[in-house]
Amino acid sequence: MIFSLLYLLAQFVILVDAQNNFHPDCADPHNKEISCSVHVVSCEEELLLPVNDGDEPPEAHDVRVEPFARATKHKHQLHVDISWQMPPSNNSFRIRAFELEVESGDGGENRCFLFNVSNFGWTEDSASPRFHFSSESLFEFSHVYSIHLRSLPMSKNKKSQVSRNATMPSNPDLEQDDRTNITAWCKKHSDPQASKWTAAFRRIFLHSLARTIQVEFVGAPQQYCFEAYEVRLKDESGMELAHSHIVEAKDMKNETIGGKVMFFGEYNFTGLEVETDYIPSVIPVERSSDRRCLCPTQNENPYDNQIVCSCIAADWKKVRLARIDKLPSSPCPECVKNGTLDNKPPKSDHKTLSVLIVVAVLALILLVLVYYLFVFYRRQRRRGKALRFHFKNVDNNVIGTAEPNQPLIYNSCLSVLIVYSHDCAFHEAAIHAFAEVLRDTFGLQVHIDQWDQEAIEENVNTYINSSIVKADKVIIVNSIGAYMRTKARHQKMEPLERIPQGPLDRLFDLQIDLALQHARVISVRFPYTQSSCTLYALSPLLQYTIPDNLGLLVSSLTECTLRSDPRLSESDPSWFEKSHHRIQPYSITMEMNRFNDSGLGDTFNSERNKAQINGMSIEEVAKETETTSLLSEQQANVHEVIPEEPSGCSTPRHEISDSAYLSGRIDSVIPTACTSDADNRSSGSDRPDDPIISLENSSKKTVLQNVPLSMNGERIENIEAGKKLREISGKDPGGDSGMITSEFHSTILQ
């Protein structure tokens, strides 16, 4: 049971494969009223009952077997067309069908096909139609086949049969050409296989607005020696020529596909009519410039004008440019024409209800959006993301030195296209590294052909147009290869080709002209490229040398200074929060009461007044006061105090303990007291609540400004002077003590 199912499945696969090997319609394309259908049959099967001798139908007339190699996008395909005519005889009405048997010369399996023409009505006025049988996979290159065509039904003793032997042409893709110089050989000879080759269309674009049909066809290999191709547009009948143009072979493009060089030609038919059917066609020009036949049907002298010289044309299906009409102004033309219908819409409350529903939905969406923004703001504020920046010399909340149109951290989202020539592997590696620097370091959206190969393979023309149109900036890399390729094209010289040729080498020639038309073009080169290799069109522009002028190039790309460099923001968006922290408010205070009780305040105050009269400094006053003995007595009693915040105090004062003063550094800091508004104003600080930055490095010292005293070879603060000043400030808060206290509160890092 299983073997039977497998056998039936195999037969079904063979049947489906056989049906896919040929075209099922065998009717004459010029006589559509005559029907003909093809069916796969067994060669041993008796199709129709035999008839008596003398009642058999006549043989088929003018049987032709025409094989030719058809070009495709990537290779060549063998296409065989078998055609014959209905015999011009009065006995043709006896023909009910034709049987075609294909016998392979290498001992392969025979294939048989049945052509049903029983619906054909033979009359004296009817022309003798030609039936066609074509296949693209039934036959193989370089094989010999025997083809037998029989008229059915047959008699027992006689067969109305016509036989032909056909040799298939060789495969152009596998043909090993031993001619060392094809160009020199083609100047005097012709390839006998050229008459068996036919072109094919690669792409056909219809532009209805421009009334243009753009065709792209595949050219023949070099060994066929074709010098030009004729591109045609025929009418819908295929008999009349509407437009034609000659495309020279030297103007065609070439690409390496699968190790083979393929040639492609392009042409645009303009000024066409809309709503008209056209049939595109392409055919090689059969004679060369010296009138030599390039498509000889037999191995004869190509210079003989009497020989048959015929090339095969490749036709495409019908195409039409559709008319683009305006949309109707009335949504219901039938309703307007009908006078019995009331054009006024009935009054209803549905419109008002719909408007209310829309307004309610929009209001709900707005509320949800505001809620999420509020939640997001609260969350960021709780995490400490909401940073405040305060600047000095601010008048009316306007920062005079800042640029209001530039953000603090510039986040670029520019699209940059790099156009370059594939000179060598090292040049490609330099381009690749340059593109990675722009993409990974500066956050630009960079496009090079090495990264866009999928889009190029899908449609190279679409990629070239879209990549240049979508690019904000176009960077053209000058090199010796780009210079020589452009020079060869402008001076009509032979094009350059790298050894070995890469798959993307021809892309530069296709996109450079369109890239130069971009509004924002930037010219760069590498140090190994001389300035004389700059393209002519880029000579007036500013030239950037990479990597020497990389900073200037990035500034030109982003249109901002390097201070807006997005590298920190792109690598770590929270770099500022991680590298900074808020400092707790600190206080510097001592026990003022001990100074007041000891009477040193009055002594120092009087000495200070004398110093002001005599022009002495505070340091000299501190030296003249006899406070050295009190220093050792007060060291043990110095401690940190945290007084309560007095009334009328606006901002906290930052104080440091006496032990920190003695050690020459700030080791312990605590928030203690706060100063009055008068103290804050006298200190000269724009921000009274700005924190004093603590030094975590023990090697650094915080010293009091304007009090540089020396003790044991080190700079320390004069504790006695500080005590006297605090005693003075405690006794006379409205005096000059505020100025002196502010001097003690101003710190420098040393």
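The sequence shown: position 685 = 685 (the UniProt record's numbering), numbered continuously.
The C-beta atom is built at its ideal place from N, Cα and C for all residues, glycine as well.
The structure presented is a predicted model; accordingly, all values stated were derived computationally and were not measured.
| query | How would you label His23, buried or exposed, when you count the other beta carbons within 10 angstroms and need 16 or more for buried? | reply | Counting from one through the sequence shown, the residue named residue 23 turns up at place 23. Burial call: exposed.
Once DSSP output is grouped into helix, strand and coil, what is the label at Leu15? Sequence index remark: in the sequence shown, residue 15 carries index 15 (1-based). Note that Leu15 scores a pLDDT of 46, beneath 50, so its modelled location is shaky and nothing firm can be said.
query = Roughly how many angstroms lie between the CA atoms of Val359 and Arg378, to the nearest whole one?
reply = Residue 359 sits at position 359 when you count from the first residue of the sequence shown. Residue 378 sits at position 378 when you count from the first residue of the sequence shown. Distance between the alpha carbons of Val359 and Arg378 is about 29 Å.
Which residue's Cα is closest to the Cα of Asp513: Val419, Leu552, Ser532, Val446?
Taking the sequence shown and counting its residues from 1, one reaches residue 513 at position 513. Considering only Val419, Leu552, Ser532, Val446, the residue with the shortest C-alpha distance to Asp513 is Val419.
Opening and closing residue of the alpha helix (DSSP H) in which Ala455 lies: As a working mapping, residue 455 is identified with position 455 in the sequence shown. It spans 453-458 - the alpha helix (DSSP H) in which Ala455 sits, taken as one unbroken run.
### Distance between Val38 and Ser155 (C-alpha atoms, nearest Å)
Counted from its first residue, the sequence shown places residue 155 at position 155. Counted from its first residue, the sequence shown places residue 38 at position 38. Near 23 Å, if we compare the C-alpha coordinates of Val38 and Ser155.
* Asked: Would you report the Cα separation of Ile204 and Tyr372, rounded to the nearest angstrom?
  -> If you number the sequence shown from 1, residue 204 lands on position 204. If you number the sequence shown from 1, residue 372 lands on position 372. Rounded to the nearest angstrom, the two C-alpha atoms are 52 Å apart.
Let me know the secondary structure DSSP gives His432 once reduced to three states. Stepping through the sequence shown from its first residue, residue 432 is reached at position 432. Reduced to three states, the DSSP call for His432 is helix.
- request: Could you tell me which of Pro500, Arg485, Gln501, Gly502 sits nearest to Glu494, measuring between CA atoms?
  value: The residue given as residue 494 occupies position 494 in the sequence shown. Closest by alpha carbon: Arg485.
Worksheet item: How long is the line joining the alpha carbons of Val231 and Ser237, rounded to whole angstroms?
Response: Looking up residue 231 in the sequence shown gives position 231. Looking up residue 237 in the sequence shown gives position 237. Whole-angstrom Cα-Cα distance: 17 Å.
Buried or exposed, going by whether 16 or more other CB atoms sit within 10 Å of the CB of Pro527?
The sequence position of residue 527 within the sequence shown is 527, counting from 1. The residue is exposed, with fewer than 16 neighbouring Cβ atoms inside 10 Å.
Using CA atoms only, rank isn't needed, just tell me which of Lys158, Lys487, Glu56 is closest to Ile95. Stepping through the sequence shown from its first residue, residue 95 is reached at position 95. The candidate whose alpha carbon is nearest that of Ile95 is Glu56.
Environment of Pro88 [buried if 16+ CB atoms lie within 10 Å]: By one-based count along the sequence shown, residue 88 stands at place 88. Pro88 is exposed by the Cβ-count criterion.
| Nearest CA to the CA of Thr198: which residue from Leu356, Ser310, Ser523, Lys470? | Residue numbering aside, residue 198 sits at position 198 when the sequence shown is read from its first letter. Measuring from the Cα of Thr198, the nearest candidate turns out to be Ser310.
>> Mapping the DSSP letters down to three states, classify Thr256 as helix, strand or coil.
In response: In the sequence shown, the residue the question calls residue 256 occupies position 256. If DSSP states are grouped into helix, strand and coil, Thr256 belongs with the strands.
Supposed close pair Ile476, Leu538 - CB separation, criterion 8 Å:
On the sequence shown, position 476 is the one that residue 476 refers to. On the sequence shown, position 538 is the one that residue 538 refers to. So it is a contact: roughly 6 Å between Cβ atoms.
*Throw me the rounded Cβ distance for the residue 753 and Glu227 pair, which I believe falls under 8 Å.*
Shown here, the chain extends from 1 to 750; a query on residue 753 therefore has no answer.
(Q) For His132 and Trp185, I'd like the C-alpha separation in whole angstroms. (A) For the purposes of this step, residue 132 is taken as residue 132 along the sequence shown, with counting starting at 1. For the purposes of this step, residue 185 is taken as residue 185 along the sequence shown, with counting starting at 1. Going from the Cα of His132 to the Cα of Trp185 covers about 37 Å.
| message | Alpha carbons only, please: which of Pro129, Ser146, Leu209, Ile182 is nearest the one belonging to Cys112? | response | To locate residue 112, count along the sequence shown from 1; it is residue 112. When each option's Cα is compared against that of Cys112, the closest is Ser146.
Going by other Cβ atoms of all chains shown within 10 Å of its Cβ, with 16 needed for buried, is residue 770 buried or exposed?
Past the edges of the chain, shown from 1 to 750, lies residue 770, and the structure says nothing about it.
- Message: Once the 5 residues before and after Lys196 are set aside, which same chain residues still bring their CB inside 7 Å of it?
- Response: Your numbering for residue 196 matches position 196 in the sequence shown. Apart from the 5 residues on each side of it in sequence, Lys196 sits with its Cβ closer than 7 Å to the Cβ of Pro67, Phe68, Ala69, Pro169 in its chain, given in chain order.
Within the chosen definition, does the segment 264-274 reach the segment 206-213 through at least 3 CB pairs nearer than 8 Å?
Short answer: they touch.
In terms of DSSP beta bridges, what is Cys293 paired with? One-based indexing of the sequence shown puts residue 293 at position 293. Per the DSSP secondary-structure output, Cys293 pairs in a beta bridge with Arg287.
**Q.** Length of the line joining the Cα atoms of Asp667 and Lys578
**A.** Residue numbering aside, residue 667 sits at position 667 when the sequence shown is read from its first letter. Residue numbering aside, residue 578 sits at position 578 when the sequence shown is read from its first letter. Confidence in Asp667 is poor, its pLDDT being 38 and thus under 50, which makes the residue's placement too unreliable to answer from.
Worksheet item: Is Val41 closer than 7 Å to Leu114 when the C-beta atoms are compared?
Response: Along the sequence shown, read from residue 1 onward, the residue named residue 114 stands at position 114. Along the sequence shown, read from residue 1 onward, the residue named residue 41 stands at position 41. Taking 7 Å as the Cβ cut-off, Leu114 and Val41 qualify as a contacting pair.
message: Taking 8 Å as the limit between beta carbons, can you name the residues of its chain near Phe141, skipping five residues before and five after?
response: Within the sequence shown, the letter at position 141 stands for residue 141. Excluding residues within five positions, the ones whose Cβ falls inside 8 Å are Ala69, Leu78, Met168, Pro169, Ser170, Asn171, Leu174.
| said: What does the Cβ neighbour count give for Leu444, buried or exposed, with the cut at 16 atoms within 10 Å? | reply: Here residue 444 corresponds to residue number 444 of the sequence shown, with the count starting at 1. It is buried - the Cβ of Leu444 has at least 16 other Cβ atoms within 10 Å.
Item checked: Pro221 - DSSP class collapsed to helix/strand/coil -> Taking the sequence shown and counting its residues from 1, the one referred to as residue 221 is at position 221. Correct three-state label for Pro221: coil.
Do the segment 245-256 and the segment 501-521 touch if we need at least three Cβ pairs shorter than 8 Å? Yes, since at least three Cβ pairs between the segment 245-256 and the segment 501-521 fall closer than 8 Å, the two stretches touch.
key: CA-to-CA distance, Leu241 to Asp315, given in whole angstroms   = As a first step, residue 315 is located in the sequence shown; it is residue number 315 there, counting from the start. As a first step, residue 241 is located in the sequence shown; it is residue number 241 there, counting from the start. Asp315 and Leu241: Cα-Cα distance of roughly 12 Å.
Could you check the C-alpha separation between Asn157 and Asp53 for me, to the nearest Å? One-based indexing of the sequence shown puts residue 157 at position 157. One-based indexing of the sequence shown puts residue 53 at position 53. About 7 Å.
Check your understanding: Given a threshold of 16 other Cβ atoms within 10 Å of its Cβ, counted over all protein chains shown, does Phe139 qualify as buried or as exposed?
Key -> Here residue 139 is taken as the residue at index 139 of the sequence shown, counted from 1. When all chains shown are included, Phe139 counts as buried.
Practice problem: Count the other CB atoms, across all protein chains shown, that sit within 10 Å of the CB of His76; report buried if there are 16 or more and exposed otherwise. | Solution: On the sequence shown, position 76 is the one that residue 76 refers to. Buried is the label assigned to His76, since at least 16 other Cβ atoms lie within 10 Å of its Cβ.
When Leu417, Ile307, Leu49, Ser118 are compared against Ala471, the one with the closest alpha-carbon | In the sequence shown, residue 471 corresponds to position 471, counting from 1. The residue among Leu417, Ile307, Leu49, Ser118 with its C-alpha nearest the C-alpha of Ala471 is Leu417.
*What is the DSSP secondary structure of Asp277, reduced to helix, strand or coil?*
As a working note, residue 277 is residue 277 in the sequence shown. In the structure shown, Asp277 sits in a strand (DSSP, three-state: E or B).
- Say the cut is 6 Å; is the CB of Ser37 nearer than that to a heavy atom of the ligand PLP? Among the components of this structure there are no ligands whatsoever, and the ligand PLP is therefore not found.
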